[in-house]
Amino acid sequence: MSTYEAGQYDVIVVGAGHAGVEAAYAAAKRGAKTLMLTMNLDMIAFMPCNPSIGGPAKGIVVREIDALGGLMGKVIDKTYIQMRMLNTGKGPAVRALRAQADKPLYIQEMKKALEQESNITLRQGMVEKLVIEDGKCQGVITETKALYRAKSVIITTGTFMRGRVIIGDISYESGPNNQRASVKLAENLEELGFELVRFKTGTPPRVINHSIDYSKTEIQPGDENPQHFSYETTEAITDQIPCWLTYTNENTHNIINENLGLSAMYSGMIKGTGPRYCPSIEDKIVRFHDKPRHQIFLEPEGRNTEEVYVQGLSTSLPEYVQREILRSIPGLEEAEIMRAGYAIEYDAVVPTQLWPTLEVKNVEGVFTAGQINGTSGYEEAAGQGIMAGINAAAKALNKDTLILDRSQAYIGVLIDDLVTKGTNEPYRLLTSRAEYRLLLRHDNADLRLTDIGYKLGLISEERYQRFEEKKRLIEEEKQRLQEIRLKPTEQLQSLMEQIGGTRLKDGILAYDLLKRPEVTYDIIDQVCPPELDLADDVKEQVEIQIKYQGYIVKSNQQVDRMKKMENKLIPDNIDYDAISGIATEAREKLKKVRPLSVAQASRIAGVNPADVSILLVYIEQGNVAKVSNE
Amino acid sequence: MEKDTIAAISTPIGEGAIAIVRLSGEEAVSIVNPLFDGKDLTNVDSHTIHYGKLLDPVTSEMVEEVMVTVMKGPKTFTKEDVIEINCHGGLASVNRLLEIVLSRGARLAEPGEFTKRAFLNGRIDLSQAEAVMDLIRAKTDKAMNIALKQLDGKLSKLVNQLRQSLIETVAHVEVNIDYPEYDDVEEMSHQLLREKTEEVYQEVERLLSMARQGKILREGIATAIIGRPNVGKSSLLNALVHETKAIVTDIPGTTRDVIEEYVNIRGIPLRLVDTAGIRETEDIVEKIGVERSRKVLKESDLILLVLNYGETLSDEDRQLFEAIKGLEYIVIVNKTDLPQALDIDEVKRLAGNQKVITTALIEDKGIDQLEDAIAETFFAGDIDSGDLTYVSNVRHIQLLQQTMKALEDAKGAIDAGMPIDLVQIDVTRAWELLGEIVGDTVQDSLIDQLFSQFCLGK
Ligand SMILES: Cc1cc2nc3c(=O)[nH]c(=O)nc-3n(C[C@H](O)[C@H](O)[C@H](O)COP(=O)(O)OP(=O)(O)OC[C@H]3O[C@@H](n4cnc5c(N)ncnc54)[C@H](O)[C@@H]3O)c2cc1C
Numbered sequence: 032m033s034t035y036e037a038g039q040y041d042v043i044v045v046g047a048g049h050a051g052v053e054a055a056y057a058a059a060k061r062g063a064k065t066l067m068l069t070m071n072l073d074m075i076a077f078m079p080c081n082p083s084i085g086g087p088a089k090g091i092v093v094r095e096i097d098a099l100g101g102l103m104g105k106v107i108d109k110t111y112i113q114m115r116m117l118n119t120g121k122g123p124a125v126r127a128l129r130a131q132a133d134k135p136l137y138i139q140e141m142k143k144a145l146e147q148e149s150n151i152t153l154r155q156g157m158v159e160k161l162v163i164e165d166g167k168c169q170g171v172i173t174e175t176k177a178l179y180r181a182k183s184v185i186i187t188t189g190t191f192m193r194g195r196v197i198i199g200d201i202s203y204e205s206g207p208n209n210q211r212a213s214v215k216l217a218e219n220l221e222e223l224g225f226e227l228v229r230f231k232t233g234t235p236p237r238v239i240n241h242s243i244d245y246s247k248t249e250i251q252p253g254d255e256n257p258q259h260f261s262y263e264t265t266e267a268i269t270d271q272i273p274c275w276l277t278y279t280n281e282n283t284h285n286i287i288n289e290n291l292g293l294s295a296m297y298s299g300m301i302k303g304t305g306p307r308y309c310p311s312i313e314d315k316i317v318r319f320h321d322k323p324r325h326q327i328f329l330e331p332e333g334r335n336t337e338e339v340y341v342q343g344l345s346t347s348l349p350e351y352v353q354r355e356i357l358r359s360i361p362g363l364e365e366a367e368i369m370r371a372g373y374a375i376e377y378d379a380v381v382p383t384q385l386w387p388t389l390e391v392k393n394v395e396g397v398f399t400a401g402q403i404n405g406t407s408g409y410e411e412a413a414g415q416g417i418m419a420g421i422n423a424a425a426k427a428l429n430k431d432t433l434i435l436d437r438s439q440a441y442i443g444v445l446i447d448d449l450v451t452k453g454t455n456e457p458y459r460l461l462t463s464r465a466e467y468r469l470l471l472r473h474d475n476a477d478l479r480l481t482d483i484g485y486k487l488g489l490i491s492e493e494r495y496q497r498f499e500e501k502k503r504l505i506e507e508e509k510q511r512l513q514e515i516r517l518k519p520t521e522q523l524q525s526l527m528e529q530i531g532g533t534r535l536k537d538g539i540l541a542y543d544l545l546k547r548p549e550v551t552y553d554i555i556d557q558v559c560p561p562e563l564d565l566a567d568d569v570k571e572q573v574e575i576q577i578k579y580q581g582y583i584v585k586s587n588q589q590v591d592r593m594k595k596m597e598n599k600l601i602p603d604n605i606d607y608d609a610i611s612g613i614a615t616e617a618r619e620k621l622k623k624v625r626p627l628s629v630a631q632a633s634r635i636a637g638v639n640p641a642d643v644s645i646l647l648v649y650i651e652q653g654n655v656a657k658v659s660n661e
Numbered sequence: 010m011e012k013d014t015i016a017a018i019s020t021p022i023g024e025g026a027i028a029i030v031r032l033s034g035e036e037a038v039s040i041v042n043p044l045f046d047g048k049d050l051t052n053v054d055s056h057t058i059h060y061g062k063l064l065d066p067v068t069s070e071m072v073e074e075v076m077v078t079v080m081k082g083p084k085t086f087t088k089e090d091v092i093e094i095n096c097h098g099g100l101a102s103v104n105r106l107l108e109i110v111l112s113r114g115a116r117l118a119e120p121g122e123f124t125k126r127a128f129l130n131g132r133i134d135l136s137q138a139e140a141v142m143d144l145i146r147a148k149t150d151k152a153m154n155i156a157l158k159q160l161d162g163k164l165s166k167l168v169n170q171l172r173q174s175l176i177e178t179v180a181h182v183e184v185n186i187d188y189p190e191y192d193d194v195e196e197m198s199h200q201l202l203r204e205k206t207e208e209v210y211q212e213v214e215r216l217l218s219m220a221r222q223g224k225i226l227r228e229g230i231a232t233a234i235i236g237r238p239n240v241g242k243s244s245l246l247n248a249l250v251h252e253t254k255a256i257v258t259d260i261p262g263t264t265r266d267v268i269e270e271y272v273n274i275r276g277i278p279l280r281l282v283d284t285a286g287i288r289e290t291e292d293i294v295e296k297i298g299v300e301r302s303r304k305v306l307k308e309s310d311l312i313l314l315v316l317n318y319g320e321t322l323s324d325e326d327r328q329l330f331e332a333i334k335g336l337e338y339i340v341i342v343n344k345t346d347l348p349q350a351l352d353i354d355e356v357k358r359l360a361g362n363q364k365v366i367t368t369a370l371i372e373d374k375g376i377d378q379l380e381d382a383i384a385e386t387f388f389a390g391d392i393d394s395g396d397l398t399y400v401s402n403v404r405h406i407q408l409l410q411q412t413m414k415a416l417e418d419a420k421g422a423i424d425a426g427m428p429i430d431l432v433q434i435d436v437t438r439a440w441e442l443l444g445e446i447v448g449d450t451v452q453d454s455l456i457d458q459l460f461s462q463f464c465l466g467k
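Residue numbers (the working numbering), protein chains in the order written: chain A, 32 to 661; chain B, 10 to 467.
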């Protein structure tokens, strides 16, 4: 095979899905000359499944990406057809934004953002091979024999590797949505010693808008005053489009049960492991057979398309059965399928092969990010993408790497879970995976991460100034409220009664008043407003920080304890076989994961506290030697 | 270095007349000082010993007379500030002291942790690193063994039930959070969460206050030996003491006027109490009458009534039976080496369903049966109590107390109208703490629960 020299770059990103675009953009912003190679330039940041971005945990990731200077938040803010804040009745830690996306528009906007970034070169091409010399990455070779050189390569090929689409008893090699599968690259990775695993996911059928009778469904409108993901967005989209809700019924379930044998899931055609959190409809009927009905959401795929996504009906039953199922559902009696639902199996990289920087341990200079690492979801992919981009650029340009810890970001939780514990099903973020979720809020993503983004060069000077100003205002207002003692005037007492609180017995600090659960910042605005009116996000921050201070302090104490162990680094050349006291299972796990810190070691399943203690004693030997020589 | 302050009993129980509770860490002095009625320990020279009283932080009553040694870092074993509280070696007292310092913010030391700290702080030299690691391994394995043995017990069964109830509740909250549009489950309300929390709270409370086995292990079984003169009470005492190398505590120079003796029967501590200050219990009934002696004897967990095989049942014996009616006792028919005069059938009738055993203490006969009877009475045979050490029990008690605290916090937060997802932090904490008792702290089980309990997904 003779190749031609096609160019020299700092970073090459393979794939332009949600991981790829963030990776390329972050690397470029850090100053790396970046090549983005992808199979089809019209499918940049394509959403193969649901037309929505955000939701619990995931929405917070989008904000984190934005705080670090990434693209996802900005682009969805420009292209949503509907925006909703979820969990508004709950505490601040679990509030989450979710947008319905205009899919084709999202692609266009994302492509434009990349095209406008001067450090990025966009090129269509199928990568078949990594060029590795002496265990180090040198570049990639494409199908058309182009050899591109770079010190860092990020692979973000999603569900394409040895992809296989399955509909009923029909199955063929394919990436999502009938794109080409990426077979050679999978083979090459295997040759290079990558451990791969077979996963599976699926998507429901799409139907055409005018075949739906919406009068039989319930409307699901967006929020009246939509909030946004990006801290840079200033304008809201006013003409939002609703979604619709309908339900399956007994009839639907009978059809599914009768045809269960034809489902690829049950006929044994599918070998890959699917995610529990997005089961196919046949899965739901089998596992929860006494549920009389399941929700079905009808979600438009965009403004300039008639296609409607049928959420809740992911399936790998034959096409004709899909039609029968649809037509058993109120509102869909006449539904015309535009695309059938399908299941897809693909190869993923076992993520414990990665360092927390997302660099592959055994092949220096290769990074992987996104669904290829065993995750599922656009946001999970994008979150890894930006981190891989930051670290791949660091590698190429000899700059600092970045690892976010579990108390800093959901992105930190996600990556730590992957590289430390691995996963045996496609991994999705859930709020319950974050032990410090009170600290990892949607509202404070900027306070957590903007400094980092700025230092990396991903946040503009102008935005950083605005951020600093916001921080100052929050601190000043908190200080001010500490200094105001409110008398129990009639005005205040009747206000308290109005909001269903108890009357005050005595004077009270404004600060302490705000601590009461029923008191919002509105009350402050009424009884002791600041000189200059504050922005809503400042008020929100002041209220949350004061009201939940007790919990926040508790969480911070936990974090401090963890940090101590996080700071105890394990030398890279440690020889676990030389530590006799460690239990066998723990030793095997440690050798595989090669944790960077004692804290990371302690999170590996199978490594017990005693093993951690022994490890600690072992690695402290060097320091001890110094001390005792004094 | 690690900042928190650890505590443990540093003398093996039963091996010395003096027991020591040792604390190490930054807060060692500040934890003990407020509990200590004596010199101001923050203001004493390092490496000095002080006599005083240790007070219960809640009631401010004296718990124990103690000698406190203050040693300031770095010239200590761990190079940290170290406090040693010396008390007479009674199991009850030393455990109580440990519990008190734990309740004031010290953490129960892990196996081998003092040594580990000594090492990490550079007190032990490099060549001993290997030994330190071995020690941690060995101590942990031993503790694990004990923990595993206990896992068969009713405690673990109950704890697992409570955990299941908590995790179902938490999963319910989680599903509301992660799947806000999922219409299948009712929204977890404050009221519902309060009910669920309260249920578990009460169980934990019950476990803590009523768990007889736990109490026994902590404080010993208060045991009175009664019987007419010359039936063999002293031989019984001596036999028990001899058999178990019990500690006979009699600390000179203290003002204690009550003398208690501990013996260890199959790992169960018996506290031989002096009833009502009347050492010679043979004349108890005579001295204070049946009614009052009943009251006094009621304070014991176990009464050993000794009878003489060689004599017929006397009125005094019958009065004793009367005095202990309805209480937990074991009848010991001693001196079977003599020709029989006692009507055993009558004794059995009087004893009802309490155990009657025969011994010839002079010939060392029957002690085993007595020990069996005691172990059976208190552990109904379902715990291998021989391996129970009080340390793991203090640990359990501490964890249960922390669980209660977490649930209390949760209840408080509910009452204050805090959002459910914040309340849930404390509920989850309670679940984790209970998990530490049964040795199961895998976080993924929540996610497993979520997906098996609810039908979720797009
Ligand atoms: C059928 C289906 C159903 C799904 N359902 C859900 C769901 O319900 N919920 C959910 O959260 N997520 C779901 N997902 C997952 C979600 O779509 C992905 O997690 C997300 O898109 C992954 O982003 P990525 O950047 O890792 O990969 P992708 O978005 O798949 O992007 C991969 C990119 O790599 C390119 N590429 C591949 N191979 C090569 C090569 N050799 N050379 C050059 N370029 C290459 C592709 O052209 C593409 O641009 C589903 C995905 C599919 C396919």
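Even for Gly, the Cβ is constructed at its ideal location relative to N, Cα and C.
In this text the structure is predicted, and so the values were computed from the model without any measurement.
In DSSP terms, what residue i is bridged to
i: residue 528/B; result: Here chain B has residues from 10 to 467 only, and residue 528/B is not among them.
i: residue 80/B; result: 91/B
When the options are compared against residue i, the one with the closest alpha-carbon
i: residue 349/B; options: 91/B, 72/B, 367/B and 103/B; result: 367/B
i: residue 188/A; options: 127/A, 120/A and 379/A; result: 379/A
i: residue 150/A; options: 58/A, 330/A and 227/A; result: 58/A
i: residue 281/A; options: 249/A, 325/A, 253/A and 588/A; result: 325/A
i: residue 301/A; options: 516/A, 199/A and 287/A; result: 199/A
i: residue 371/A; options: 238/A, 305/A, 427/A and 458/A; result: 238/A
Distance between residue j and residue i (C-alpha atoms, nearest Å)
i: residue 230/A; j: residue 314/A; result: 16 Å
i: residue 217/A; j: residue 192/A; result: 6 Å
i: residue 368/A; j: residue 381/A; result: 36 Å
i: residue 323/B; j: residue 308/B; result: 25 Å
i: residue 555/A; j: residue 528/A; result: 15 Å
i: residue 49/A; j: residue 270/A; result: 26 Å
i: residue 632/A; j: residue 434/A; result: 16 Å
i: residue 638/A; j: residue 332/A; result: 46 Å
i: residue 61/A; j: residue 489/A; result: 7 Å
i: residue 287/B; j: residue 381/B; result: Residue placement at residue 287/B is poorly supported in this model, since its pLDDT is 38, which falls under 50; the coordinates are not used for a value here.
i: residue 262/A; j: residue 140/A; result: 18 Å
i: residue 406/A; j: residue 384/A; result: 14 Å
i: residue 31/B; j: residue 598/A; result: 28 Å
i: residue 119/A; j: residue 629/A; result: 38 Å
i: residue 427/B; j: residue 585/A; result: 15 Å
Contact set for residue i: own chain, Cβ-Cβ below 7 Å, skip 5 residues either direction
i: residue 346/B; result: 369, 371 and 372
Sequence-distant residues of the same chain with beta carbon closer than 6 Å to residue i, five excluded per side
i: residue 152/A; result: 66
Residue i: CB within 7 Å of a non-hydrogen atom of ligand 3
i: residue 49/A; result: Looking for ligand 3 in the displayed structure turns up nothing; the ligands present are ligand 1.
Cβ-based neighbour list, residue i, same chain, cut-off 8 Å, excluding 5 preceding and 5 following
i: residue 474/A; result: 123, 126, 568, 571, 572 and 575
i: residue 207/B; result: 420
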